[in-house]
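S.K.: Dropping a structure here in structure tokens format, bear with me for questions.
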Amino acid sequence: MEHPIPGGLRGEKEEEEEERVLVSEHSWRPCPTARRRVRGCLEWVKRQLFRVGEDWYFLFILGVLMATISFTMDIIITRLHAAHMWLYREIGDIGVLKYLSWTLYPMALAAFSTGFSQSITPHSGGSGIPELKTILMGVVLEDYLAIQNFGAKVVGLTCTLTCGSTVFLGKVGPYVHLSAMAAEYLGKMRTTVVREYENKFKQHEMLVAAQAVGVATVFGAPISGVLFSIEVMSPHFAVRDYWRGFFAATCGAFMFRVLAVFNSEQGKAGQGGCAPSSPLPSLRGIFGVLTTNPSPSFLSPLPETIAAVFKSDLKIDFPFDLLETLFFLILGTICGIVACAYLFCQRWMMVAVKKNRLTAKLLATDKSVYTVLVVLLLASITFPPGLGQLMASRLTMKEYLTSLFDNRTWGLLALNASGVAKPGELWQEWDHPSATIYGTLTFFLLMKFWMLILATTLPLPAGYFMPIFIYGAAIGRLIGEVVALLFPRGLYSEGPPRPIIPAGYALAGAAAFSGSVTHAVSTALLVCEATGHLGHILPTVLAVLVANAISQKNQPSFYDAGIIVKKLPYLPPIRSRHIASYRVVVEKFMERQVVALAKGDGFQEVLVALDASADAEYPVVESTGSPTLVGTVSRSQLVTFLQSPEHTQAPQGEKLAITGTLGDNCAIEPIMLQFSPWTSLHQAYHLFQLLKLQRVFVTHSGELVGAVSRAEVRGENGGGKGEG
């Protein structure tokens, strides 16, 4: 017969049993002393390593990781594109088969890029820079930087770039997005390793460094990568973030070039042990396993030393004449005007595609079908036996730049092609017997203008900086060739000949057009770092400044236009510098009907306020008769106040009689910043940008008179259209 155990004895026995279980579990762990010593050693090592700051290590990891991924993507893209070119050449002279091999390959890759990336996350399409600019301004976009999206964007971007110049898209924007996702994940790892709470300021610093890494690892240009990311991404930049961006960007750019050198040496070693027994490369040779002959003319080799990504042989003894500055200013003017036309047409196209019933339906339900139709059109136009022969369509994106930066004058080479030119040179792709180089460059510019605008509507991971960079180089090359044709001995007829160098105009055109489209001046330095040539830095800067002056006055930048079209909660820059814009004050556009609460309000007043507005926080005044602003209270606290036990348990008729007030039961946060009715629009705009504000209350002599949110500032600024 069992006797009942008293409650006190039962509790003591349960505690003894739990202690015995814990002791037994602990005693079964192997080598507890050794484990404690190892743990202590690891803690000591971590303290020594982090003595200089843990940021260095995570920034180094970020730079090296993104450089390795970028280089691996480039290798895969190069070999897949080489396989496409091999298939196109080996298929013979049958026109139908050559057309199918030219069109079906990019169609399949683009369709897979769209379907794969969109099936995993809807955030993988486009460049990602408009969304990143919005995030850096303090707006939270859910799951946009989640690491789960990383793989989808990498695979989709690789397939997009493998399409080559047929689709004519780039890598910079999506890779900045990839770098930001990696930085976000490394920031979470950092909080785990350091064992501290999540710090939003540290996360913001990592994202700022990630922007520079994304640009630097694509062009191998750390200095201009940092400056370009600052100009494009951040309206206000903290000086303390400079070293983080430069350090991470330098690590990434150096690692990228080291890998390029290693790959070049490996390619030489692979070619050195193989006899050229066949005039055509085999598939194994294309994929780097076995090379049977030198690289085809359409595959430019990687740099052999730690040099510029786009090597050029520009002469620096006499790069340009002083009078040529006038032509560079004309080039900047032309680039600025063309950039304004491009930005206007691109924004119009984005809106038209969304409003058109057929395209809107395809983009909503069958994105892959829309991609296939657009790529089919682009591939058909660039088919080499057709119109493609007038656009050098067999060249890759890198070969476009390499050919446009050629130091020689194509007009002279075309005249003496039989005795000077070597077969298989890149510039010969631009020399068509019936069109000349001037006709092919002009036709290229006319066709790529609308083809690039159409390609920007594709819902796949793609960048848009490299295409406009190449387009600007083509503008500069055409003007340089025309100037060289008009002045064959240079601008001075007397003395020794000083010939015009069209490649210098190509450098300035690439920087001016890409800078005017993105509203950035650092593209002048980017061109110099990417090519390793500083001889034309002065005329390049002048062309960039002129082009920016024209485009910034008339159109928002390419990325701001994306923000406007996507209706993201971002404040576009105030482009108007007229004196009248400085006279616009907060009183003219503030919200006057503000739902406010008094400290003595009870259940009924709080319930009415929550029903009347969905604001995240509510202003609290001293009393109904004295609207002196004393602080704010969050919506969550008001909901908790309504759900308090005395309110929930009281009968319906007695809830209003409960004496609990807002001031007694809720924590009222003090006001850190408030506007005066006479605060100017420019002051309010800069404070919203700098402090990442969402809403600010307006007071007059301490009394609440209104509120200003991002919507009012954006509306007064004309929604990005330059008004106000």
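Number 176 in UniProt numbering belongs to position 176 of the sequence shown; there are no gaps in the numbering.
A virtual CB, placed ideally from N, CA and C, is assigned to each residue, including glycine.
For Q552, tell me which candidate among P573, D366, I537 has the shortest Cα-Cα distance.
M.R.: Working through the sequence shown from its first residue, we reach residue 552 at position 552. With distances taken between Cα atoms, Q552 lies closest to P573.
S.K.: Within 10 angstroms of its Cβ, does H519 collect 16 or more other Cβ (buried), or is it exposed?
M.R.: Counting from one through the sequence shown, the residue named residue 519 turns up at place 519. With 16 or more Cβ atoms within 10 Å of its Cβ, H519 is classed as buried.
S.K.: By DSSP, does Y559 sit in helix, in strand, or in coil?
M.R.: On the sequence shown, residue 559 is found 559 positions in, with the first residue counted as 1. Three-state DSSP puts Y559 in a helix.
S.K.: Out of G63, K566, V595, which has the shortest C-alpha to C-alpha gap to K354?
M.R.: Numbered from its first residue, the sequence shown carries residue 354 at position 354. Closest by alpha carbon: K566.
S.K.: L704 bridges to which residues according to DSSP?
M.R.: In the sequence shown, counting from the first residue as 1, residue 704 sits at position 704. Per DSSP, T699.
S.K.: Mark Y471 as exposed unless 16 or more other C-beta atoms lie within 10 angstroms of its C-beta, in which case mark it buried.
M.R.: On the sequence shown, position 471 is the one that residue 471 refers to. Flag for Y471 reads buried.
S.K.: Using DSSP with H/G/I as helix, E/B as strand and the rest coil, what is T632?
M.R.: Position 632 of the sequence shown, counted from the first residue, corresponds to residue 632. In this structure, T632 counts as strand in the three-state DSSP scheme.
S.K.: Cα-Cα, which of N548, T382, A182, T456 is closest to G332?
M.R.: Taking the first residue of the sequence shown as position 1, residue 332 is located at position 332. Checked all of N548, T382, A182, T456; the closest Cα to G332 is N548.
S.K.: Rounded to whole angstroms, what is the Cα-Cα separation between F60 and T442?
M.R.: Translated into positions along the sequence shown, residue 60 becomes position 60. Translated into positions along the sequence shown, residue 442 becomes position 442. Each residue's Cα considered, the two are about 45 Å apart.
S.K.: What is the DSSP secondary structure of G126, reduced to helix, strand or coil?
M.R.: Here residue 126 refers to the residue found at position 126 of the sequence shown. Strand, per DSSP.
S.K.: With DSSP collapsed to three states, give me the class of Y144.
M.R.: Locating residue 144 in the sequence shown gives position 144, counting from the first residue. Three-state DSSP puts Y144 in coil, outside helix and strand.
S.K.: Mind reading off the beta-carbon distance from K599 to S634? Whole number of angstroms is fine, and I expect it under 8 Å.
M.R.: Your numbering for residue 599 matches position 599 in the sequence shown. Your numbering for residue 634 matches position 634 in the sequence shown. In fact, because the Cβ distance is near 15 Å, the residues do not count as touching under 8 Å.
S.K.: If E669 and T632 are in contact, beta carbons under 8 Å, what's the gap, nearest whole angstrom?
M.R.: Along the sequence shown, one-based indexing puts residue 669 at 669. Along the sequence shown, one-based indexing puts residue 632 at 632. So it is a contact: roughly 5 Å between Cβ atoms.
S.K.: How big is the Cα-Cα spacing for V218 and I76?
M.R.: Numbered from 1 along the sequence shown, position 218 holds the residue referred to as residue 218. Numbered from 1 along the sequence shown, position 76 holds the residue referred to as residue 76. Spanning the two alpha carbons is a distance of roughly 15 Å.
S.K.: From I230 to G702, what does the alpha carbon distance come to, in whole angstroms?
M.R.: Looking up residue 230 in the sequence shown gives position 230. Looking up residue 702 in the sequence shown gives position 702. Between I230 and G702, the C-alpha separation is close to 38 Å.
S.K.: Rounded to whole angstroms, what is the Cα-Cα separation between Y242 and M672?
M.R.: Within the sequence shown, numbered from 1, the residue matching residue 242 stands at position 242. Within the sequence shown, numbered from 1, the residue matching residue 672 stands at position 672. Rounded to whole angstroms, Y242 to M672 spans 28 Å at the Cα level.
S.K.: Mind checking which residues open and close the beta strand (DSSP E) that includes P467?
M.R.: Along the sequence shown, read from residue 1 onward, the residue named residue 467 stands at position 467. Not the beta strand (DSSP E): P467 falls in the alpha helix (DSSP H), residues 465–486.
S.K.: Evaluate the contact criterion for the region 146–166 versus the region 78–87: three or more CB pairs, one atom per stretch, below 8 Å.
M.R.: yes
S.K.: How big is the Cα-Cα spacing for I69 and S380?
M.R.: As a working note, residue 69 is residue 69 in the sequence shown. As a working note, residue 380 is residue 380 in the sequence shown. I69 and S380: Cα-Cα distance of roughly 32 Å.
S.K.: I'd like the span of the alpha helix (DSSP H) that includes P459, first residue to last.
M.R.: Within the sequence shown, the letter at position 459 stands for residue 459. It is not in any alpha helix (DSSP H) - P459 carries neither H nor E in the DSSP assignment.
S.K.: From Y492 to R477, what does the alpha carbon distance come to, in whole angstroms?
M.R.: For the purposes of this step, residue 492 is taken as the residue at position 492 of the sequence shown. For the purposes of this step, residue 477 is taken as the residue at position 477 of the sequence shown. The straight-line gap from Cα to Cα measures roughly 21 Å.
S.K.: Does DSSP put F383 in a helix, in a strand, or in coil?
M.R.: Here residue 383 refers to the residue found at position 383 of the sequence shown. Coil at F383, not helix or strand.
S.K.: Based on DSSP bridge pairs, tell me the residues matched to V620.
M.R.: As a position in the sequence shown, residue 620 is number 620, starting the count at 1. Residue pairing for V620: DSSP places it in a beta bridge opposite L597, G631.
S.K.: Let me know the secondary structure DSSP gives G252 once reduced to three states.
M.R.: The residue you call residue 252 lines up with position 252 of the sequence shown. Residue state, collapsed to three classes: helix.
S.K.: Going by DSSP in three states, G151 sits in which element: helix, strand or coil?
M.R.: Sequence index remark: in the sequence shown, residue 151 carries index 151 (1-based). The answer is helix: DSSP assigns G151 an H, G or I state.
S.K.: My assumption, with CB atoms under 8 Å, is that V585 sits in contact with W678. Please give the rounded CB distance.
M.R.: The residue you call residue 585 lines up with position 585 of the sequence shown. The residue you call residue 678 lines up with position 678 of the sequence shown. About 5 Å separates the two Cβ atoms, so the contact holds.
S.K.: Leaving out five residues before and five after Y105 in sequence, what residues of the same chain have Cβ atoms less than 7 Å from its Cβ?
M.R.: Working through the sequence shown from its first residue, we reach residue 105 at position 105. Counting only Cβ-Cβ distances below 7 Å, and skipping sequence neighbours, we find H84.
S.K.: Give the DSSP-derived three-state secondary structure of V584 in the structure shown.
M.R.: Within the sequence shown, numbered from 1, the residue matching residue 584 stands at position 584. In the structure shown, V584 sits in coil (DSSP, three-state: anything other than H, G, I, E or B).
S.K.: Are the beta-carbon atoms belonging to A455 and V167 less than 8 Å from one another?
M.R.: For the purposes of this step, residue 455 is identified with residue 455 of the sequence shown, where counting begins at 1. For the purposes of this step, residue 167 is identified with residue 167 of the sequence shown, where counting begins at 1. The Cβ-Cβ distance between A455 and V167 falls below 8 Å.
S.K.: Does the distance from the C-beta atom of A392 to that of T440 stay below 8 Å?
M.R.: Here residue 392 refers to the residue found at position 392 of the sequence shown. Here residue 440 refers to the residue found at position 440 of the sequence shown. Cβ distance < 8 Å, so A392 and T440 count as in contact.
S.K.: Does the beta-carbon distance from Y559 to P130 come in below 8 Å?
M.R.: Position 559 of the sequence shown holds residue 559. Position 130 of the sequence shown holds residue 130. Result yes, Cβ atoms of Y559 and P130 sit closer than 8 Å.
S.K.: What three-state label does DSSP hand F228 in the structure shown?
M.R.: One-based indexing of the sequence shown puts residue 228 at position 228. Here F228 sits in helix by DSSP.
S.K.: What would DSSP say about E425, mapped onto helix, strand or coil?
M.R.: Mapped onto the sequence shown, residue 425 falls at position 425. Secondary structure at E425: coil, using DSSP grouped into helix, strand and coil.
S.K.: Using 8 Å as the Cβ pair cut-off and three pairs as the minimum, do the region 135–154 and the region 91–98 touch?
M.R.: no
S.K.: So, are the CB atoms of E429 and A221 less than 8 Å apart?
M.R.: Within the sequence shown, the letter at position 429 stands for residue 429. Within the sequence shown, the letter at position 221 stands for residue 221. Contact: no.
S.K.: Which value, in whole angstroms, describes the spacing of the CA atoms of D615 and K692?
M.R.: In the sequence shown, counting from the first residue as 1, residue 615 sits at position 615. In the sequence shown, counting from the first residue as 1, residue 692 sits at position 692. Straight-line Cα distance between these residues: approximately 17 Å.
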